[in-house]
Amino acid sequence: MTRHHRMPAYAGRIECCAPLAFCIAMGTARSLRVPPRVHRECGVGDGNFLRPGGDYLDMTCDEIRVALSARMDGEEPQVPVAHVDAHLRDCADCRAWRAQAEAITRAVRVQPADVPDLTEKVLAAVAAEVGDAARRQQAAAAQRSRRQILRIAVAGAAIAQLLLAVPILVTELSVLDPHTSREMASFDAALAVGFLLAAYRPERAQAFVPVGFVLSVCLALTSVVDIVNSDATVMQELGHLVTVAQAVLLWALGRVDQRVTGPLSAAVARGRG
Numbered sequence: 469m470t471r472h473h474r475m476p477a478y479a480g481r482i483e484c485c486a487p488l489a490f491c492i493a494m495g496t497a498r499s500l501r502v503p504p505r506v507h508r509e510c511g512v513g514d515g516n517f518l519r520p521g522g523d524y525l526d527m528t529c530d531e532i533r534v535a536l537s538a539r540m541d542g543e544e545p546q547v548p549v550a551h552v553d554a555h556l557r558d559c560a561d562c563r564a565w566r567a568q569a570e571a572i573t574r575a576v577r578v579q580p581a582d583v584p585d586l587t588e589k590v591l592a593a594v595a596a597e598v599g600d601a602a603r604r605q606q607a608a609a610a611q612r613s614r615r616q617i618l619r620i621a622v623a624g625a626a627i628a629q630l631l632l633a634v635p636i637l638v639t640e641l642s643v644l645d646p647h648t649s650r651e652m653a654s655f656d657a658a659l660a661v662g663f664l665l666a667a668y669r670p671e672r673a674q675a676f677v678p679v680g681f682v683l684s685v686c687l688a689l690t691s692v693v694d695i696v697n698s699d700a701t702v703m704q705e706l707g708h709l710v711t712v713a714q715a716v717l718l719w720a721l722g723r724v725d726q727r728v729t730g731p732l733s734a735a736v737a738r739g740r741g
């Protein structure tokens, strides 16, 4: 006669310690909740069954992971949350799977921040910079052209003054006494050489401006007085009158050169450039 194990009237617990296979054969294991004590006593805890904590015997890791996926998607899982949490406490593989799934979900759902389109502003700034650079280049080219014209004018006036002074130095063309004439001619020649140097090195023009203006003003006044008093003729004082034009040209050359090349360096300002 087959021996049957007696079960209590309630289906929540199994008090016997019979082998689990026997219980399955009797058709009771799939419908009953098996407490952890049964697993411990019967040696069941490997494979897909939970360790102490309780679970449905037919619940697999795949089902738990489907429930976890539904919960991460905001859906209602088909497995009670308590059973899912109990399974996670005892299953390291499912815990690792959940961590990896959550990381992937965050990476997929996080959207990059909207970057404003600055293309038009950048292109406008570049165009403005190019336009400013072109205008600066045009202005610099105009200044260089003006400086070149002034250099030629200063050099031409200096050469004219030198041509008027040299004959007096070597001949007796002046109506004044030879000694005074040669002194005046020497002075004019020295002044002409200074103006030639300023035309050759425009950055030095500003240094000659005070000398040129004082001399030109004094010579212009004395020339006018001498011509009015008939102490000298216009031809005799022509070289001195040229000095006035030279001073004006020298002043203009110095201003233009500063705009083109900028302020003088310290060495040039000290006269050693």
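Residue numbering for the sequence shown follows my numbering, beginning at 469 and increasing consecutively.
Ideal Cβ placement from N, Cα and C applies to all residues, glycine included.
In this text, all values refer to a predicted model and were calculated from it rather than measured experimentally.
Sub-8 Å separation of residue i and residue j beta-carbons
i, j, result
"LEU717", "LEU637", "no"
"PHE655", "VAL622", "no"
"GLU531", "ALA538", "no"
"GLY722", "GLN674", "yes"
"SER691", "LEU709", "yes"
"VAL634", "ALA657", "yes"
"ALA667", "ALA626", "yes"
"GLN629", "ALA660", "yes"
"ASP694", "ALA688", "no"
"VAL549", "LEU536", "no"
"ASP561", "CYS529", "yes"
"ARG604", "VAL724", "no"
Reduced DSSP secondary structure (H/G/I, E/B, other) of residue i
i, result
"LEU721", "helix"
"GLU651", "helix"
"SER698", "coil"
"VAL546", "Checking the displayed sequence, the identity of residue 546 turns out to be Gln instead of Val. Three-state DSSP puts GLN546 in coil, outside helix and strand."
"ARG669", "coil"
"CYS562", "helix"
Residue nearest to residue i in terms of C-alpha spacing, selected from the options
i, options, result
"ILE620", "ALA601, ALA569, PRO670 and ARG557", "PRO670"
"ALA567", "GLY542, GLN714, ALA592 and ARG533", "ARG533"
"THR711", "GLN611, ASP585, LEU632 and VAL590", "LEU632"
"VAL685", "SER698, THR648 and ALA715", "ALA715"
"MET540", "MET652, GLN611, THR587 and THR573", "THR573"
Residue i at chain B interface by Cβ criterion, 8 Å
i, result
"TYR668", "Considering every chain present, this structure includes no chain B. It has just one protein chain."
Endpoints, alpha helix (DSSP H) assigned at residue i
i, result
"VAL529", "Correcting the residue type first, residue 529 is Cys in the shown sequence and not Val. Residues 529-540."
beta-carbon residue i near the ligand NAD non-hydrogen atom, thresh 7 Å
i, result
"MET540", "The ligand content of the structure shown is nil, which means the ligand NAD is not present either."
- Query: Which parts of the region 573-644 are runs of the alpha helix (DSSP H), unbroken and 4 residues or longer, counting only runs that do not cross its ends?
  - Reply: Here the runs fully enclosed are 587-638.
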